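Below: one structure, written as C-alpha cells.
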Amino acid sequence: MADRITSPFGAKSTAREVVAGHDLSGKVAIVTGAATGIGVETARALADAGAEVIIAARKPELGEEVANQINEEVGMKRVSFGMLDLSSLEAIRHFAHRWGDRRLNLLINNAGVMACPLSRTVDGLEMQIGTNHFGHFLLSVLLAPNLVDGAAHSGHRSRLVSLSSIGHRRSPVNFEDPNYNTRPYDKWEAYGQAKTANSLFALGFDKRFKDKGVNANAVMPGGIMTPLQRHLPIEEQRALGWLDENDQPREGFKTTEQGAATSVWAAVGDELEGIGGLYLEDCNQAVPWSKEAPWVGVMPHALDPEAAERLWALSVETTGAGA
C-alpha cells in the first residue's frame, strides 16, 4: 500500500484535535444516532468548527438534551434535533420529506444496532441489517440530491461517512438470505453482515456520486464502551475479553472523544479531498486484515466491488429507492 492515505492523527487522537483549524461555517451536517455515544462527540466537534448540525435520532428527549448542551458550549444555536427512526422506511421517507430541498454538505451515518436478539423492523427486515444498512441506504439515496446541491453551492465536495466496524470480519453479506428468514440466526454473524454492508455501501455510493461532487468512505471507529453494548450482559463482555478483572474496559478501548475522531477526519480531512470508496481506521486508510493483527485492518469482502453492486441492487429492491 505505497499510496496509502494517512494523516498526522492516530488511534488516540480526539475528534476536537482532528477538526482543529477547520472552518465549517456555512456547512450543514446530519449525524444519525447522535443522541448517545460517539455520535455526540461527532456532532460536538462539527459544531465547534462552525457547522450547523442536525442530530437525527429516535429519542427526542435525549437528542434535544444533547443539542442544548452543545449549543450552550459553543455559545449559539448550531445544533438541533430531527426525529428519525431508521427501523422504519416510512419514517425515513418522512424525515427526507421534511428536509425538503435544503442543502446538505455532510451526512454521517453513525447510528447502529449491535448483537441484538432476533427481531425485525416494521418492514420485516432483520433488525441489524435493516437499521444499520437498509435504513441508512434509503436515507442516503433520498438525501443524495441535497448533498450534490451542497457541493455545487459551497464550492467544496460533500462527504458521506458510513460507520462500519472490525466486526465486518465475522461475515460477508449473505445475498441468499440477508434477513434470516430461513437460516439460523446468529447475532454476531448478523452484526458482521451489517457492518460489511456499511462498507460496501460506501463503495457503491461513491461510484454513483463522485462525479457529482460527493464522496463516500467507510469508517471503523474502534472499540468504545457506549450504549451500543446495551444488548450484551456484563458476563458476555467479560467472556469476550473486553473487560478486566475490575470490569473496566481493557487497554485498547477508546474514549468516545477518540472514537469519534475517524468519523470527523472522514468528514473534514484534507487528505481525503476528492477521494472515496475507502475503509478508514485510526484516522488513516486501513491496512489489509491479517491473522497476525486480527483487531485491525479490513478484509477483502468488505471492499469487493462486485459485492457492492449486488448489495446496491438488493437495497434498491428492498427499499424502493436508488435505482
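Numbering (my numbering) for the sequence shown: 88 to 410.
All C-beta atoms in this analysis are idealised placements derived from N, C-alpha and C, irrespective of residue type, glycine included.
From a predicted model like this one, the values you see are computed outputs, not experimental measurements.
Where I362 is concerned, there is no enclosing beta strand (DSSP E), because DSSP gives it neither an H nor an E. Residue state for A116 is assigned as strand, using DSSP reduced to three classes. Contact between the stretch 124-142 and the stretch 370-382 is absent: fewer than three C-beta pairs spanning the two stretches fall below 8 angstroms.
Between S227 and N196 a beta carbon distance of about 7 angstroms is seen, short of the 8 angstroms cut, so the two are scored as contacting. For the beta strand (DSSP E) assignment, the uninterrupted runs of no fewer than 3 residues enclosed by the stretch 115-193 are, from N- to C-terminal side, 115-119, 139-144 and 166-170. For L234, there is no enclosing beta strand (DSSP E); the enclosing alpha helix (DSSP H) has its first and last residue at H223 to S241. Per the coordinates, the alpha-carbon of S241 lies some 15 angstroms from the alpha-carbon of L194. Residue nearest to A132 within the set R145, T218 and S112 is S112 (criterion: CA-CA distance). Bounds of the beta strand (DSSP E) holding A303 are V301 to M307. Of the residues C203, H243 and G211, the one whose Cα lies closest to the Cα of D273 is C203.
Considering only G363, E177, N233 and A107, the residue with the shortest C-alpha distance to T218 is E177. Under the DSSP assignment, L212 falls outside any alpha helix (DSSP H); it carries neither an H nor an E label. Nearest C-alpha to P147 among G169, I362, P387 and E160: G169. A straight-line Cα-Cα distance of about 15 angstroms links W382 and A389. In this structure, L230 and A198 do not form a Cβ contact; the two beta carbons are roughly 14 angstroms apart against a cut-off of 8 angstroms. In the three-state scheme derived from DSSP, where H, G and I count as helix and E and B as strand, A289 is classed as helix. A check of alpha carbon separations from K297 across V235, D90 and K341 identifies V235 as the nearest.
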